[in-house]
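Below: the structure, in structure tokens.
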Amino acid sequence: MEGQVVPGAEQEVWLMAVSREDDAASVPSNASVSTATAIPFVQYPNPGYLGSFSHTTLFDQLPPQNNAEPGTESQQSEDGRSAPNKCVIDDICINKGAELILGLHREFSIRSLAHLFQKWVSTGANLALAGPLTGSCASAVDYTLAQCDGKYPTARAISKRLFHNSCQPILSNPETAISEYCTFFSGANARWEAFGIFFVAICRASVDIPYAEPLYDSEQPRRRLQKLALSYSDQCLELCLPLDCMNDLQLLLQYENFISHSQVDGDQSKRSPSDPRSTWGTDEHSRLSLLAETGRCRSLTLRSRLPPTTNRVIPYGP
3 MEGQVVPGAE QEVWLMAVSR EDDAASVPSN ASVSTATAIP FVQYPNPGYL
53 GSFSHTTLFD QLPPQNNAEP GTESQQSEDG RSAPNKCVID DICINKGAEL
103 ILGLHREFSI RSLAHLFQKW VSTGANLALA GPLTGSCASA VDYTLAQCDG
153 KYPTARAISK RLFHNSCQPI LSNPETAISE YCTFFSGANA RWEAFGIFFV
203 AICRASVDIP YAEPLYDSEQ PRRRLQKLAL SYSDQCLELC LPLDCMNDLQ
253 LLLQYENFIS HSQVDGDQSK RSPSDPRSTW GTDEHSRLSL LAETGRCRSL
303 TLRSRLPPTT NRVIPYGP
């Protein structure tokens with residue numbers, strides 16, 4: 003066909019025919035295909051895999067804490083306990099805490115709240131994860147608020163002590179009993195996390211119990227107590243977060259606070275999703291804290307961080 007001249011539209015048909023012949027010549031035979039090396043099948047990781055940006059990859063680059071030089075702040079004691087954390091507490095935070103203490107003193111009778119709590123737990127109900135700790139949290143709030151005389155200097159001293167205790171690590175190991183674990187946030191060792199968990203429990207109790215005089219005897223004051231108790235829990239959590247002292251108790255508070263927001267506000271809350279007190283805002287903070295806690299505990303076993311009672315996952319539900 004070389005040298006042949008094809009005029010007009012016939013030339014286009016001829017070019018297409020030549021192209022098909024060239025393509026057919028370039029296709030290998032079946033025998034050559036069978037002898038070629040097959041492309042290996044690639045098993046991709048789960049959808050949550052982030053490659054080199056995964057947090058596990060980042061934490062793998064960090065040296066384990068137990069390799070710290072003697073005398074450093076990150077050194078662990080012989081029983082696996084961490085050294086005390088150092089945190090800065092400014093006067094603004096202490097003043098906010100004092101206002102919160104005064105508000106609790108004015109707004110509530112702690113005896114009425116304690117009675118509601120006892121009535122609720124007597125039915126067999128409790129918080130999903132923090133359930134074993136709610137009794138100690140309630141006694142811590144009762145002990146602390148009993149010392150408040152309604153005056154600002156006293157409330158400020160209480161606030162300062164709560165901040166001091168919240169900066170202290172909660173030490174535990176596999177042999178730690180739940181009663182010993184609770185001593186780190188009960189009585190004189192009360193801390194803001196215990197206050198927050200107690201008010202989450204009060205919010206949940208008011209959701210489950212339709213009548214609890216003298217606190218409420220109808221739906222409107224009942225709903226008001228739910229909102230108010232959840233607001234106090236929010237404020238306690240907001241006082242803990244700036245301390246940058248993540249611990250198991252704070253993580254439990256964040257989770258239970260999120261669950262209560264989903265019950266009281268619902269997932270269609272009018273608050274902006276970026277609002278830290280919205281349902282989605284508390285969900286985001288809970289997930290970020292859990293991610294941070296996972297990285298912090300990567301060099302340690304989980305069983306060495308939690309007492310036996312909280313060493314298991316309890317699904318949320320009634």
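Under the working numbering, the sequence shown has 252 at position 250, and the numbering climbs by one with no breaks.
By construction, the Cβ of each residue, glycine as well, lies at the ideal position given by its N, Cα and C atoms.
Since we're looking at a predicted model, the values are computed, not measured.
Check your understanding: Mind checking G152: buried by the 16 CB within 10 Å criterion, or exposed?
Key -> Counting from one through the sequence shown, the residue named residue 152 turns up at place 150. That one is exposed.
Exercise for review: Identify, in the order they occur along the chain, each residue of the same chain with its Cβ nearer than 6 Å to the Cβ of A132, setting aside the five sequence neighbours on each side.
Suggested key: Along the sequence shown, read from residue 1 onward, the residue named residue 132 stands at position 130. Same-chain partners within the cutoff: I199, L254 and E258.
Practice item. Please state whether DSSP places A148 in a helix, a strand or coil. Key: Taking the first residue of the sequence shown as position 1, residue 148 is located at position 146. Three-state result, A148: coil.
Point to revise | Own chain, CB closer than 6 Å to K162, minus 5 neighbours either side, in chain order | key: As a position in the sequence shown, residue 162 is number 160, starting the count at 1. Correct list, in chain order: I96.
Check your understanding: Who pairs with A214 in a beta bridge, going by DSSP?
Key -> Along the sequence shown, one-based indexing puts residue 214 at 212. The partner list for A214 (beta bridge, DSSP) reads Y218.
Practice item. Tell me whether N175 is buried or exposed, calling it buried when 16 or more other Cβ atoms sit within 10 Å of its Cβ. Key: The count along the sequence shown starts at 1 and reaches residue 175 at position 173. Label assigned to N175: exposed.
Review point. Helix, strand or coil: how does DSSP classify T178 here?
Key: Along the sequence shown, read from residue 1 onward, the residue named residue 178 stands at position 176. Note: T178 maps to coil in three-state DSSP.
Point to revise | CA-to-CA distance, Y183 to I204, given in whole angstroms | key: Taking the first residue of the sequence shown as 1, we reach residue 204 at position 202. Taking the first residue of the sequence shown as 1, we reach residue 183 at position 181. When rounded, the distance between both Cα atoms is 22 Å.
**Study point:** Secondary structure of F197, DSSP reduced to three states
**Key:** Residue mapping note: residue 197 aligns to position 195 of the sequence shown, counting from 1. F197 falls in the helix class under three-state DSSP.
Exercise for review: Give the DSSP-derived three-state secondary structure of C184 in the structure shown.
Suggested key: To locate residue 184, count along the sequence shown from 1; it is residue 182. In this structure, C184 counts as helix in the three-state DSSP scheme.
Practice item. Pull up the CB-CB distance for P171 and N249, whole angstroms please, since I reckon it's below 8 Å. Key: As a first step, residue 171 is located in the sequence shown; it is residue number 169 there, counting from the start. As a first step, residue 249 is located in the sequence shown; it is residue number 247 there, counting from the start. Indeed, because the Cβ distance is near 7 Å, the residues count as touching under 8 Å.
Check your understanding: Does the separation of the CB atoms of K98 and L241 fall below 8 Å?
Key -> Stepping through the sequence shown from its first residue, residue 98 is reached at position 96. Stepping through the sequence shown from its first residue, residue 241 is reached at position 239. A contact, by the Cβ cut-off of 8 Å.
Exercise for review: Run the CB neighbour count on E177, radius 10 Å, all protein chains shown included, and call it buried at 16 or more, exposed below.
Suggested key: Position 175 of the sequence shown holds residue 177. When all chains shown are included, E177 counts as exposed.
Exercise for review: Taking R113 as the reference, give the member of V202, D267, I94 and Y145 with the closest Cα.
Suggested key: As a first step, residue 113 must be located in the sequence shown, where it is residue number 111. If we check each option's Cα against that of R113, Y145 comes out closest.
Practice item. Name the residue from P155, R226, T136 and R108 whose alpha carbon lies nearest to the alpha carbon of D267. Key: Taking the sequence shown and counting its residues from 1, the one referred to as residue 267 is at position 265. That would be R226, whose Cα lies nearest to the Cα of D267.
Exercise for review: Could you work out which residue in A116, Q222, E215 and N128 is closest to A148 when comparing CA atoms only?
Suggested key: As a first step, residue 148 is located in the sequence shown; it is residue number 146 there, counting from the start. It is A116.
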